[in-house]
Structure formats: structure tokens, C-alpha cells
């Protein structure tokens, strides 16, 4: 595997030299069916998904009128929420302006509650992803040997929780690409190798944005890229997304690209543990 680490480190560095690459979250918020804005076609936030409850297009009263539609008799509006930042003068520091978040809402109607409007965003039914036997075997073997627990929950988060030694992932059906699902799984499993009972890499002082946390994210993503490659699942888009993720954390570390080499060494140890090498 050592040559793979060097090759991946070199390729990530080459990607970084090309400039900023926007990282994208590889899963969608609510799987195949979700509540979306008719005006943008984009899914609402997870909170609004829970508030609305029903998948499909939602439209405001003004948009219904503008498009020549009407609301069915007896239909009731639902609300969605959003944060708006308001600028105010800081009373404790006269002359300085501070931003305060205010929770706002507005009403929307489901398209089923409207007449005279046809669906605007027609998408083909998503093809379910077929699990990869080789990648699943790697994961199952590691979980059995390590005792790490793996849970799938529909939602908008993927994480490793050291206190319960648990990896939590979105459902596989929320991912558009198989490689991105396994990349996310391997990322979180790489974090789990840092548990005190294993490689003892995770520290209590690490918190979002500081150097320890940022370096751990580099280790996890390089490990994920190596494991996806090892499983034969890498795609150009999944690798590019990994490079973009690494770049986002290098920015927090003043773009010290030497950290990639250091993180790659830690990632190699993590992957060796996962692969039982």
C-alpha cells in the first residue's frame, strides 16, 4: 500500500497546485424523496424537511398567483424557517456593528394543494446503488476485529463518536455515487482508528478549526482516498472531491502542504489497521 499513499499524496498536491476546488457534500439531505423549492428546485434544509414532512414541490402564494394557479378550497399553508442576520450597533462598543441572527419564516403550499400548476422539476427515479462486495468485506472485517459500531441514519451528517465508538452515516440511497458512499464510510472509519484503544491518535483538546482537529481531518480524508483506491472504486469526481476536502483543511492550517506528507504517514497506519496488514 505504501506506493498508493505516495501516489495519492502526489496527486492531491497536484490538484492543490491548480487552485481552489469547491468541496461538495456527497450526499443529499433526504434521500430519493424530499421537499424542494419550486422556484429553485433545491431541497430545503433538514429542519424544514422535518417541518414540512411531505416530499414534493412547495410554492409561495405570490408564486401561485404569478403562474396563474390557485389554492384548493380548504388547503392550509405550511411554514418554513430561515435565519436572517441583522446588523445592529454594539451597545458595549459604541461605533461598532455586530450581526445578530433572527429566525424568520414564510408560508408555502404543497403543489398538491394547488390547481392549475404542473410539476416544474421532473427527475428520473434514482437508480438504487448496489453495495460493493469487496468494500463491504473490508468494512465488515474491521468492524468485527475492532468492535466499532456502524449505524445508518437518514439525515445530513456523517461522523465518528469516540464516546460510544460508533460511526454514523447517511443511508446509502442518499448518495449519487457508490464511490462517494464508501469514501464517506472509510473517512469515518479512519477516524475510529484514532481511538485510545487502537492507535491513540485522537486528543481531548481537538476541536473544530484548531490544528489538531484539522490534521485529523487530513488523515481521515487521505485514508479514505487510499481505501477507495484499494477497493477499486475510485472515480475522477470522488478523487477531486477528496482533494477539495483536503484543501479546505489545509487553508485552516495556512496551506502548509508539508502536512499532507505527515498526515499521509498517519493515514497509512490507520489503513493498515483497517485492512489488517
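Residue numbers (our numbering): 454 to 730. The C-beta atom is built at its ideal place from N, Cα and C for all residues, glycine as well.
DSSP places residue 541 within a strand segment (E or B) once states are collapsed to three. When DSSP states are grouped into helix, strand and coil, residue 721 belongs to the helix group. In the DSSP assignment, residue 668 falls within the unbroken alpha helix (DSSP H) covering 664–683.
Here the alpha carbon of residue 559 sits roughly 46 Å from the alpha carbon of residue 712. A residue is called buried once 16 or more other Cβ atoms fall within 10 Å of its Cβ, and residue 467, having fewer, is exposed.
At a Cβ-Cβ threshold of 8 Å, residue 490 and residue 511 count as neighbours.
The closest CA to that of residue 471, considering only 700, 513 and 718, is found on 700. In this structure, DSSP gives residue 490 an extended state, which the three-state scheme calls strand. In this structure, the straight-line span from the alpha carbon of residue 488 to that of residue 573 is close to 13 Å. Comparing alpha carbon positions, the residue from 586, 642, 589 and 581 closest to residue 611 is 642. Secondary structure note for residue 604: its beta strand (DSSP E) is the uninterrupted segment 602–605.
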